[in-house]
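Undergrad: Numbering (full-length UniProt numbering), first residue to last: 1 to 334.
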Amino acid sequence: MTIFHAPAIGSNGDIACPVVGAEVSQEFLDRIPGGIFRYCADDEGRLDFVNRGLLEMFGCQTYEEFMAFTHGSFWGMVHPGDQERVRAACDPAVVQKDRVRYRIVRKDGRVRWVDDHGQHVVDSGGNSWFYVTLLDVTEMVELQDQLNQAAEQLEAIAMLDTFQQRAEEDELTRVLNRSGVKRHINELLAEANGRPCTFFIMDIDDFKYINDTFGHPEGDEVLRSLARHLRNTVRRDDVVGRMGGDEFVVFCMGLGEGPARESLASRLRQWSQDMQERECPYEAPTLSMGVASSPDSSLALHELYSQADAALYRAKDSGKNQVCFSAEKDELTN
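1) Need the endpoints of the alpha helix (DSSP H) that S306 sits in, please.
2) Can you give me the C-alpha to C-alpha distance between G254 and P285, rounded to a whole angstrom?
3) Take R228 as the anchor and find which of G45, S272, L312 and H216 has the nearest alpha-carbon.
4) Terminal residues of the continuous beta strand (DSSP E) containing G118?
5) Under a three-way DSSP split, which group does D48 fall into?
6) Taking the alpha helix (DSSP H) that D161 falls in, what are its first and last residues?
7) Is the number of C-beta pairs between the region 132-147 and the region 105-116 that are closer than 8 Å three or more?
8) A284 by DSSP, collapsed to three states: which one?
9) Under the three-state reduction of DSSP, which class applies to D91: helix, strand or coil?
10) Find the nearest neighbour of S179 within the set A310, E257, M243 and R224, judged by alpha-carbon distance.
11) Could you compute how far the alpha carbon of R46 sits from the alpha carbon of E155?
12) What is the DSSP secondary structure of D206, reduced to helix, strand or coil?
13) Closer than 8 Å, CB to CB, is Q149 near chain D or not?
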């Protein structure tokens, strides 16, 4: 089988017939994967020899079929959309890289990506050539495209997550805002599977006095201090949010009535004692709190909120700086 073809040039410069290059091992070339060829390093790009692998890469059965399909020129091998780029990359006067990637069009019309590994050589007669091996990298290019698309999708998802976090974050305290609280709690309730839950609502006693007397910057710092305390006191998956003004909420899935609930309420209100240790020109603020629980998370968020809010008002009406549990309507804890 003729593998490596070298066109014989007739007296008028036309290709007369293919012959096998005597100096090249036919068996050796047959075993090399991909296409091997040489072409003249000029604007015409005349092909000087090709191997069987190159014919197969273009879907051609014979050498004559390949030469007719490509017009006997390297530039007949390169996809029209890539020729300008490839011409610049293969200019012998400026060529620096030995590899260039471009598309080819097979005889059946299919487009393939190839890596062209070429070496520019000037022979003893002063003739300028490119010696090239060509490897089909279509699957690798397509896989890279898929990876790039997946990376872009992940980046878009991350951006959306970031935008959603910012949209649901209270700008002052960096805990959830009202809309973030609602979404997170509703998601937890939807996946509760009968587990208990507890909703805490609290506000700062006489907060208006701090704002009006010492200014909003001081009031803002008080709000940030409470938000940090709440976030540091509860578990990672618990919900902490600011509903507006000085009203904050905490939601805990898996926590029902009992000593654990009372202990957490006490630790949340520990903020008041911590504030006493802070140097400030006013008496340390205190918290009033209302608490509502559901033994199986069957209550909707608005029901939990309503019960806890009613308990908060009872705590306020009873002298502030207290916690009231909705299931124990007459019991207050100082």
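Every residue gets a Cβ at the ideal spot worked out from N, C-alpha and C, and that includes glycine.
TA: For this structure:
1) The residue labelled residue 306 in the question sits at position 306 within the sequence shown. Per DSSP, S306 belongs to the alpha helix (DSSP H) from L301 to D317.
2) As a working note, residue 254 is residue 254 in the sequence shown. As a working note, residue 285 is residue 285 in the sequence shown. Those two C-alpha atoms are separated by around 30 Å.
3) Your numbering for residue 228 matches position 228 in the sequence shown. Answer by Cα proximity: S272.
4) Position 118 of the sequence shown, counting from 1, holds the residue named residue 118. V111 to V122 is the span of the beta strand (DSSP E), which, as asked, contains G118.
5) For this step, residue 48 is matched to residue 48 along the sequence shown. D48: strand per DSSP, three-state reduction.
6) Within the sequence shown, the letter at position 161 stands for residue 161. For D161, the uninterrupted alpha helix (DSSP H) segment begins and ends at T138 to A167.
7) Contact holds: three or more Cβ-Cβ distances are below 8 Å.
8) One-based indexing of the sequence shown puts residue 284 at position 284. Looking at A284 - three-state DSSP - the assignment turns out to be coil, as it is neither helix nor strand.
9) The count along the sequence shown starts at 1 and reaches residue 91 at position 91. Looking at D91 - three-state DSSP - the assignment turns out to be coil, as it is neither helix nor strand.
10) One-based indexing of the sequence shown puts residue 179 at position 179. Here the closest residue by C-alpha is M243.
11) Within the sequence shown, the letter at position 46 stands for residue 46. Within the sequence shown, the letter at position 155 stands for residue 155. In a straight line, the C-alpha of R46 is about 47 Å away from that of E155.
12) In the sequence shown, residue 206 corresponds to position 206, counting from 1. Three-state result, D206: coil.
13) Annotation note: the requested chain D is absent from the structure, which comprises a single protein chain.
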